[in-house]
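Asks: Would you mind keeping the following structure in view while I ask a few things?
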Amino acid sequence: MTDALVPRQSDAAPAAYDPATLAVLAAMEEAAEKHLDAIRPHNTKRGYANDWKLWEEFHQWLAERTGHPLALTDVTKGTLVGFVVWLDTIKLAAPTSIDRRITGVTVTARREHGVEVPKEATVAARQALKPLKADEDRIARGRGQAAAATPQQLQQMSAAVPEGLTGLRDRALWLMAFGIAGRSAEVAALRVDGITLHSKGLKIRVPGVKGRPAREVVVMYGKNPDTCPVRAWSTWKAAGGITAGAAFRAIDVWGNIGDRHLSAEAVREIIARNAERAGIAVRLTGHSMRAGFITTSRVAGKREEKIRAQSGHAENSPAFWGYIREADKWTDAASEDIGL
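See the structure below:
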């Protein structure tokens, strides 16, 4: 056997540690944890403590429904995914908050309770969270409820729209977003062949995005030409010479129209930029058009099922019923006509 095939001492398997060495390693592990805890920001510690309180509350909620309490240290794939669903549907937490709480629970379980959370549990929890991060209704929870655009604000934006193709596109875009109660991603994905002109208005196929089903809605002619989605769309389509493909596209500084769809982020930026130009007192976002349609339609006396059909909300959507409650606040108010 040659020397090349004989392992050097440093390559050989290490000898088993003696008790004294193990004690030193354990002491260093403990010292490291204390040091990391000492330099950890106070807000982070407080956040982890709040995350664990929510974990305790989730277990209490779960015990009431199953009749069998689980140990708080049972941080498994099932309990962690259940925690995500509970935070989303019961606590109406924003996806970013849920993401942070997953970390808080797993870190606290390891540091405070000596529990090593299986990797498959955290992976599954974030898989459950992934579609929530793509939902604008849920994202809006983290920013506070989006300001609902009003017809008066749309008139204000229309009066301030710049001349040229960009102005025509922008006005058609935000009025279309309002008219279909569309998410920004849905507005971005609209196609010319999915928008059909009829005597009473437009019939529009709203594409399915991010796992949601497509839906077909109608947008009637508006009484005010400046805020009529039908007229705005027809004007933009004719001026841009668009006959197929993406309904809303980028326009470069020389006025050349692209052939690709705008992104959802571009839709949001266009709406926010035009609202700011018009001097709207509140910040309007892409979601403001969707919220604005729901509240405006409700104030006008439209039925819930009709509004939901337009917006594509699920029947039990907390976001939808939140908008309805806001719209109903001044209708038959408890304080109205009570002799004051």
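Here the sequence shown is numbered in our numbering, starting from 1250 and rising by one per residue.
Just so it is clear, CB atoms sit at the ideal spot from N, CA and C, and this is done for glycine as well.
The model shown is predicted, which means the values in this text are computed figures rather than measured ones.
1. Rounding to the nearest angstrom, what Cα-Cα distance links D1508 and V1516 in this structure?
2. How about I1506 and R1547: are their beta carbons less than 8 Å apart?
3. Return the Cβ separation of V1441 and A1426 in integer angstroms, given the expectation that the two are a contact with Cβ distance under 8 Å.
4. According to DSSP, is V1548 helix, strand or coil?
5. R1522: which of I1587, T1345, D1419 and S1566 sits nearest, CA to CA?
6. Of the residues T1484, G1353 and G1296, which one's Cα is nearest the Cα of E1412?
7. Among the candidates D1323, T1322 and D1348, whose CA atom is the shortest distance from the CA of P1334?
8. What is the DSSP secondary structure of G1327, counted as helix, strand or coil?
9. Please go through the same chain and pick out, in chain order, the residues whose beta-carbon is closer than 7 Å to the beta-carbon of D1260, but skip the five residues on each side of it.
10. Which whole runs of the alpha helix (DSSP H) in the segment 1528-1582 are 4 residues long or more, in chain order?
11. Taking the continuous beta strand (DSSP E) assigned at L1446, which residues delimit it?
12. Apply the 10 Å Cβ neighbour rule to V1502 and answer buried if 16 or more other Cβ atoms are within range, or exposed otherwise.
13. Could you tell me the distance, in whole angstroms, from the CA atom of D1337 to the CA atom of A1358?
14. Helix, strand or coil for A1499, going by three-state DSSP, please let me know.
15. Please classify I1429: does DSSP put it in a helix, a strand, or coil?
16. Quick one: grab the DSSP three-state call for R1461.
17. In its own chain, which residues sit with a C-beta less than 7 Å from the C-beta of A1383, not counting the 5 before and 5 after it?
18. Quick check on DSSP: helix, strand or coil for R1451?
19. Give, in chain order, every unbroken run of the alpha helix (DSSP H) that is at least 4 residues long and sits entirely within the segment 1305-1383.
20. Cβ of A1493 within 8 Å of Cβ of L1439?
21. Counting only the same chain and skipping the five closest in sequence on each side, list residues whose C-beta sits under 7 Å from that of L1417.
22. Please state whether DSSP places V1479 in a helix, a strand or coil.
23. Compute the Euclidean distance between the alpha carbons of Q1559 and T1352, then round it to the nearest angstrom.
24. Taking 8 Å as the threshold (C-beta atoms), are D1475 and Q1402 in contact?
25. Note the first and the last residue of the continuous alpha helix (DSSP H) segment covering R1522.
Replies: Let me lay it out:
1. 16 Å
2. The answer is no: Cβ separation not under 8 Å.
3. V1441 to A1426, Cβ: 16 Å. No contact.
4. helix
5. Looking from the CA of R1522, the closest CA among I1587, T1345, D1419 and S1566 belongs to D1419.
6. The residue from T1484, G1353 and G1296 with its alpha-carbon nearest to that of E1412 is T1484.
7. Looking at the sequence provided, one finds Val at residue 1334 rather than Pro. That would be D1348, whose Cα lies nearest to the Cα of V1334.
8. helix
9. Annotation note: pLDDT 48 at D1260 (below 50); position unreliable, coordinate value reported separately. Excluding positions up to five away in sequence, the list is empty.
10. 1535-1548, 1553-1560 and 1567-1577
11. I1444 to H1447
12. exposed
13. 21 Å
14. strand
15. coil
16. coil
17. K1459
18. First, the amino acid is wrong: residue 1451 is Leu here, not Arg. In this structure, L1451 counts as strand in the three-state DSSP scheme.
19. 1326-1338, 1344-1362 and 1368-1382
20. no
21. T1484, W1485 and A1488
22. helix
23. 37 Å
24. no
25. Taken as a continuous stretch (DSSP letters only), the alpha helix (DSSP H) holding R1522 covers A1513 to R1526.
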